[in-house]
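Single-structure report; data block below.
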Amino acid sequence: TTSVNPPQQMQMRYDGLLGFPGGLVNPSEETLEAGLTRELLEEVGSAVPISEEDLVETCIAPPHPGFNPRLILHFYVKKMEEEQIRELEKAAATTAVDHGLEAMGMVRVPLYTTKSGGGLPNFLSQSFIGNARTQLVTSLRRLHLVSPGELRRALQNSLRMHAESARSLKSDVALMEE
1 TTSVNPPQQM QMRYDGLLGF PGGLVNPSEE TLEAGLTREL LEEVGSAVPI
51 SEEDLVETCI APPHPGFNPR LILHFYVKKM EEEQIRELEK AAATTAVDHG
101 LEAMGMVRVP LYTTKSGGGL PNFLSQSFIG NARTQLVTSL RRLHLVSPGE
151 LRRALQNSLR MHAESARSLK SDVALMEE
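Each residue of the sequence shown is one higher than the last, beginning at 1 in full-length UniProt numbering.
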């Protein structure tokens with residue numbers, strides 16, 4: 001059975017940023033789908049079969065220090081049952097060769113907002129690699145996992161949290177300069 005609010009998976013990366021599993025693929029050596037399946041095996045411990053139908057978006061990587069400016073990003077979304085996701089989470093922690101190296105663990109995206117404003121707004125205010133936040137928002141909207149109004153409110157609340165966090169960080173820096 002599919003849950004009413006299906007989990008959306010991301011991972012905490014080695015650099016402390018949130019992102020989706022994946023990696024570099026050499027198209028002269030393997031298809032994009034075969035490369036992603038290989039990366040999933042390394043990062044989440046399971047060879048999740050990926051097909052061309054799972055491709056959602058292709059774009060040029062946004063500017064980011066340390067990234068090849070000619071990097072092309074391919075974003076895939078795989079729909080899975082809740083039990084499959086639980087098995088994937090277990091495999092990520094127990095059998096993935098990159099667990100603790102490239103990937104620090106799987107993270108479920110909270111697809112709700114609490115009365116106090118927690119949940120999705122807090123999650124969206126975290127630090128993401130490259131365009132991973134945009135990919136997440138796009139997939140939430142495209143798959144109708146969160147209503148457009150709730151998603152807009154979550155993003156607005158996240159923006160407010162970023163402003164508060166920036167003020168707090170400036171205060172912390174000032175304390176270190178004393």
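Every residue, glycine too, gets a C-beta built ideally from N, C-alpha and C.
Under the three-state DSSP convention, the category glutamate 30 falls into: coil
Endpoints, alpha helix (DSSP H) assigned at histidine 162: 148–176
Whole-Å CB distance - valine 48 paired with lysine 78, under 8 Å assumed: 6 Å
From Glu30, Lys170 and Gly100, residue whose alpha carbon lies closest to that of valine 44: Gly100
Alpha-carbon spacing of aspartate 54 relative to valine 107, whole angstroms: 21 Å
Simplified DSSP state of glycine 117, which is helix, strand or coil: coil
Helix, strand or coil at valine 44 according to DSSP, with G and I counted as helix: helix
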